[in-house]
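Let me begin by presenting the structure, written as structure tokens, before commenting on it.
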Amino acid sequence: MSNIKYILGSFGDPDEMMHGIEKLQENNIKIYDVYTPMPIHGIEAKLGVKRSRLDVLAFFCGLTGTASAFALIYLTSVVDWRHNIGGKPALALPDFIPIMFELTVLFCAFSLVGAYYASTHLFPGRAPRVMDLRATDDRFIIAIDAKQNIEHSKIDGLLKDAGALEVKYNERKYVSYE
Amino acid sequence: MGTHNYNLSEQFEFTGKAKTLSILGIAIGAAAIIYGLFVKELHERTFANLLLMAYYFACVCMSGAFFLAVQFVAQAGWSASILRVPQAMAKTLPIAVVILIAVIGAGLYTHNLYHHWHADGLTDPNSPNYDKLIDGKSSFLNVPFFMGRQVIFLGLYSIFAVLLSKLSANEDVEGGLNSYRKSFKYSCIFLVIYGFTTPVFAFDTVMSLEAHWFSTMFGWYNFAAMWVSSLATIAVIIILLRKAGYMSWVNNSHLHNLGQFIFGFSIFWTYTWFAQFMLIYYANIPEETVYFYKRFEHYEFWFYLNLIMNFLSPVLLLMDRDNKRHENVLLSVSIVVLCGHWVDYYQMIMPGTVEEHHGFGALEIGIALGFVGLFTFTVLNALSKKPLIARNHPFLQESLNHHL
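Protein sequence lines correspond, in order, to chains A and B. The first sequence begins at 2 in the working numbering and counts up by one. The second sequence begins at 2 in the working numbering and counts up by one.
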């Protein structure tokens, strides 16, 4: 058994890469992931990537922000220390709305940044993990798990037929910037 | 990237049910106007309703031209295949402008509209009617200057609206980038003019009904209202055309974009509405709060209905991605928003004209139906004159392949 962990098909053209994905799927070869330097329309549907749940997170974090802001203002200026501002009642809702709005946006934005870092493993100070450096430049990479798909020569042939410029056999999962 | 075989010379035929119903609407509207003008007590209410609908009609059409200009200046590709709908609205603008100016002129002449600043003796210090505040504003609010502004602003909008739609017709015949470049240039000029003059147009047409009160936010508040109602109109027309079997190239990504526009600008409308309300509420100065005092006193139901229809319903119903892409949901929300902005204009105009003698009955519904019929008739008539797609638009392929 070899030490090869991942097989990477490196394409120079997005249409050829999409064709390569089709070919691999026709032969029941499971694709680990695809890395491209730019967004490609329709690729999520083809790879069966599940829809992001970021919007649900954003909604609930936003609601948390609204509730926190209301609790903060309510507890400080209605319950704990009532102010007389322009003769208005202590619970003057229109005055609260700008702060509630701002905290909604703030909580939402912070939680989205955090969720993005957590899901992509991109924390400040950490070397980014990439499987092929040229996927950030001019190559379109299809990665296949070599341990699960053992017919390496068949995969090699399929990728090259589809137009892969290069097929790499990596013994390490990631090539980091060292 | 798929290949398409859409019929690029598809043309809308304006016949059948759409034509009958719009003519029926016009007939109902005419009957309501005649009824309102025969009963003397209803004169002012009729004029207020005419102003409301004529203003609404003109605003939707001129925002159609604004939509075109925004797409050209942003060099937007997604909208290239739906531009014929706002173009038809822009082409209708001259008709809307003539009607609005006629309503304003007749209202001024018969003292049914703008009598707050246009009446005998308001600017004469020796008269018992003398009003110091109106006298101070009379160098701006006097009939010749007021009518001059209306004619110049609306005339300018009409010229650009017709020009943009004509350039697109030329493009169909000639091809090439010549028309696109010209459209881009005129759109830039139009946006600058439009941005600076629409607030003044709103101050004149609506805010001066209550000439003592003023709010600098009012112009943007009206701009948001006219823009979002125009977007909702575009969505309604496109969805109904699709249901009738036209515009097969419009996919749910186009609807998604329109839905995002309606969602975003409904929030923008609420933002401007709230910015105006909150500052007045917070500062609590009598000369400013009088505006909302009137609305709370006699229009409380409409005041809250306005917020529910124009803020809560689009926000809650269009927040979800799937809802924006769903034809029927987008259609119903657009209709709610369109009715909502009628309510919005209603509570802007009525307290300054008929004050506590307002009502909601045959007159309101009839005149509204009349203008909806007129709008449908004129816009669909303009739409049927040209193919439904601008086939030589440089971004057409991008729009046909639009995918979100």
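Backbone N, C-alpha and C define an ideal beta-carbon position, used for all residues, glycine too. Small disclaimer: the values here were computed from a predicted structure and weren't measured.
If you draw a straight line from the alpha carbon of residue 162 of chain B to that of residue 66 of chain B, how long is it in whole angstroms?
5 Å
Sequence-distant residues of the same chain with beta carbon closer than 8 Å to residue 173 of chain B, five excluded per side
387, 388, 391, 392 and 393
Please list the residues of the segment 27-56 of chain A that have a C-beta atom closer than 8 Å to any C-beta atom in chain B, keeping them in chain order.
42, 43 and 56
Should residue 122 of chain A be labelled buried (16 or more other beta-carbon atoms within 10 Å of its own) or exposed?
exposed
Whole angstroms are fine: how far does the CA of residue 130 of chain A sit from the CA of residue 118 of chain A?
13 Å
Would you list, in chain order, the members of the segment 114-144 of chain A that have their beta-carbon closer than 7 Å to a beta-carbon of chain B?
none
Runs of 4 residues minimum, wholly inside the segment 45-118 of chain A: which ones carry the alpha helix (DSSP H) assignment?
55-75
Cβ of residue 5 of chain A within 8 Å of any chain B Cβ
no
I need the straight-line Cα distance from residue 224 of chain B to residue 143 of chain A, nearest angstrom please.
50 Å
With the cut-off set at 8 Å, would you say residue 61 of chain B and residue 188 of chain B are in Cβ contact?
no
If I'm right that residue 123 of chain B touches residue 115 of chain B with Cβ under 8 Å, what's the distance once you round it to whole angstroms?
Incorrect: roughly 11 Å between the Cβ atoms, too far for contact.
Can you pull out the residues from the segment 76-99 of chain A whose beta carbon lies closer than 9 Å to at least one beta carbon of chain B?
86, 87, 88, 89, 93, 95, 96, 98 and 99
Which residues DSSP lists as bridging residue 34 of chain A, in chain order
A:144
Under 8 Å by Cβ, that's how I've got residue 157 of chain B and residue 102 of chain B pegged, so tell me the actual separation to the nearest angstrom.
Between residue 102 of chain B and residue 157 of chain B the Cβ distance is about 13 Å, and since that is not below 8 Å, they are no contact.
Determine the burial state of residue 21 of chain A: buried for a count of at least 16 other Cβ atoms within 10 Å of its Cβ, exposed for fewer.
buried
Output the distance between the C-alpha atoms of residue 2 of chain B and residue 353 of chain B, rounded to the nearest integer angstrom.
Confidence at residue 2 of chain B is low in this model, with a pLDDT of 46, below 50, so its placement is unreliable and the value that follows should be read with caution. For residue 2 of chain B and residue 353 of chain B, the distance between alpha carbons rounds to 56 Å.
Pairing CB atoms from the segment 276-285 of chain B with CB atoms from the segment 334-350 of chain B, are three or more of them under 8 Å?
no
Boundaries (first-last residue) of the beta strand (DSSP E) holding residue 12 of chain A
7-12
Using CA atoms only, rank isn't needed, just tell me which of B:70, B:78, B:294 and B:269 is closest to residue 195 of chain B.
B:70
C-alpha gap between residue 14 of chain B and residue 23 of chain B, whole angstroms
14 Å
Same chain, Cβ closer than 6 Å to residue 95 of chain A, neighbours up to 5 away in sequence not counted:
none
Quick check on the burial criterion: 16 or more other C-beta atoms within 10 angstroms. Buried or exposed for residue 72 of chain A?
exposed
Answer yes or no: do residue 372 of chain B and residue 148 of chain B have a C-beta to C-beta separation smaller than 8 Å?
no
Chain A beta carbons: is any one of them nearer than 8 Å to that of residue 5 of chain B?
no
Going by DSSP, name the residue or residues bridged to residue 150 of chain B.
In the DSSP output, where bridge partners are listed per residue, residue 150 of chain B has none listed.
Tell me, please, whether the segment 328-340 of chain B touches the segment 262-272 of chain B by the rule of three or more beta-carbon pairs shorter than 8 Å.
yes
Pairwise C-alpha distance: residue 385 of chain B and residue 12 of chain B:
6 Å
Are the beta-carbon atoms of residue 400 of chain B and residue 169 of chain B separated by less than 8 Å?
no
Residue 234 of chain B versus residue 191 of chain B: straight-line alpha-carbon distance, rounded:
21 Å
State buried or exposed for residue 230 of chain B, treating a residue as buried only when at least 16 other CB atoms are found within 10 Å of its CB.
buried
What distance in whole Å lies between the Cβ atoms of residue 56 of chain B and residue 193 of chain B, which are believed to be in contact at a cut-off of 8 Å?
At roughly 23 Å, the Cβ-Cβ gap does not stay under 8 Å, so residue 193 of chain B and residue 56 of chain B are not in contact.
7 Å Cβ cut-off: residues of chain A touching residue 299 of chain B
Here the premise fails: no neighbours, minimum Cβ distance about 21 Å.
Cβ-based burial, residue 140 of chain A [other Cβ within 10 Å; buried from 16]
buried
What is the residue span of the alpha helix (DSSP H) that residue 187 of chain B lies within?
179-206
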